[in-house]
Each structure stands twice: as structure tokens, then as C-alpha cells.
Amino acid sequence: MSFLILCLTALGSFGALFLVAKFIGHKQIAQLDFFDYITGITIGSIAAEMATELEEPWKPLTAMAIYGGVTLLLSIMANKFPRARKYLNGTPTILMDHGKLYRENLKKAKLDLSEFMVMCRQQGYFDLTGIQTAVYEYNGKLTILPVSSQRPATPNDMGLAPEQELLFTELIMDGRILEDNLKRMGLDRTWLDKQLNQRHIHSARDVFLAVCDRNQNFVLYGMDHGEPGGKKPRRGK
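Going by this note's numbering, 211 is the number at position 225 of the sequence shown; the sequence numbering is gapless.
Next comes the structure, spelled out in C-alpha cells:
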């Protein structure tokens, strides 16, 4: 009987943790700030305790709800009161600007030169002379503004006006037709079958991935190691 109760409390702990995470939002996963870090560790510990608490599981469940509520409240405060953000989330710190490294700001960010160099290399900057400004964001990530003369050229620099690219939508995945996506794009099975026949594909089961944009540019990848079924996008008709 106690084993059954343990299984039920573990499942309840998992469900409660899932609901709290959904309640807080994706920010906890996407970017951790100081309070998100504290909340994530604490809620995880409480959930583990709830999984083995057989007598009074409502106590850790209440604690999880309180931590989730406080996190949500702090997020609302940061949105409604901009001045409070620097106290709740912190502020960005300029570590390098116009070729000058700010030693005091590195100390403030609790980074040494080796860590700073690693973060620069991770973004593809092996030579610091290519960096105009480096900002250490409050979420612990480094943002770099490159020197204008060394940044990648853009079509605007060359006087070009390329056609705006559009998002592609998955129509077939792992040999299965996604009917909802097909309808959302204003297409039907007849159109899809025509595109497959043009590429000598007789069944959607032979397609690993097929995508299409609003201009009906259709690209597919076959089952054999995901190799393209066509070398370039073709406009469907």
C-alpha cells in the first residue's frame, strides 16, 4: 500500500511541477536570471521532497505554489515598474567599448579575462580588434557589436533588394502528412500529390520531411539520410 502511495505522490509531484512550469512560462527555460535560477532550484528540490512525502504531501505542494506565485509576481512588477527591473533583474554591463577593456566592469560582472575571451570565441571573435562593443547582459550572455569595417556585408551595402524570404511550414514529417498545416497553407492533398509526382515520389511514406512557404516553394527530403528530394525549391502550381 505504501508503495502505491509513493507512486501516486511521485506522479502528483511531476504533475504539479509541470503545471507550475507552464504557469511561470518559457522564460525559466529560455533565459535564467537571478530569481529564475533560485526558483528553478528550489521548486525542483520541493518537487523531489513531495515525491517521497507520504503523510502530508500538501505541504511541499503549497510551497511550490508559493514559489511559483512569487516568481510570477516579480515578473509582473518588472513589467509594470521599469525602475524596479534593475533591482530585480540587474542591468547590462559594458565590458569593452572602442577598443578599451573595462577592468572594473569585468570585476562587477565577476568575470576574469579568460572567461571573457572564451565567451568572445564562442561567438566567433578570436581577435578582439574586431569588437566595437561587448555588453554583458543581465541573463549572463555576452552581446557583441562588431566593428563596422569587419562585419558581414549585407545586400543593402551592395545596393541589392532581394525578395523577402518567408517562413516554411512542415507538410510531411517522418512519412506522415500534417493535414492541419496543409489546410492552414490553403493547400490540399491533390496539390501535394502533384508535387510528389513531379519529384517521382509515389507515397508520402517515402518522404522524411517536406516544407512549403506562402509562395508555394516546396522542398522535400527523402528517407535516405534526409537527402534532398530536389536541389532547389520549386514553385508548386
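Backbone N, C-alpha and C fix where the C-beta goes; we use that ideal spot for every residue, glycine too.
Values in this document were obtained by computation on a predicted structure and should not be read as measured data.
| Item | Value |
| --- | --- |
| Segment contact flag, the region 136 to 154 with the region 84 to 91, C-beta cutoff 8 Å, min 3 pairs | no |
| Bridge partner(s) assigned by DSSP for K86 | D83 |
| Coil, strand or helix - L128 by DSSP | strand |
| Rounded C-alpha distance that separates Q181 from L(-10) | 54 Å |
| Counted within 10 angstroms of its Cβ, other Cβ atoms place I29 as buried (16 or more) or exposed | buried |
| V205, buried or exposed, once every other Cβ within 10 Å from all chains shown has been counted against 16 | buried |
| Assumed close pair I32, P43 - CB separation to whole angstroms, cut-off 8 Å | Actually they do not touch by this definition, with Cβ atoms about 11 Å apart. |
| F67 in three-state terms, based on DSSP | coil |
| Own chain, CB closer than 7 Å to G208, minus 5 neighbours either side, in chain order | D192, V193, F194, G215 |
| Whole-number beta carbon distance between Y53 and L81, since they are thought to touch under 8 Å | With 8 Å as the limit, L81 and Y53 do not qualify as a contact, their Cβ atoms being about 33 Å apart. |
| For K127 and A51, the rounded distance between their alpha carbons | 29 Å |
| Beta-ladder partner(s) of E156, from DSSP | V197 |
| Residues that DSSP places opposite I163 in a beta bridge | I158 |
| Integer-rounded CB distance, given that A190 should sit under 8 Å from G161 | 6 Å |
| Separation of T79 from D113, as counted between CA atoms | 21 Å |
| Chain-order list of residues whose beta-carbon lies under 7 Å from that of A70 (same chain, five-residue window excluded) | M63, A64 |
| Reduced DSSP category for G54 - H, G, I as helix; E, B as strand; rest coil | helix |
| Coarse secondary structure for V104, derived from DSSP in three states | helix |
| Option nearest V130 by Cα separation, candidates E151, R107, A147, L178 | The question names Val, yet the displayed sequence has Ile at residue 130. It is R107. |
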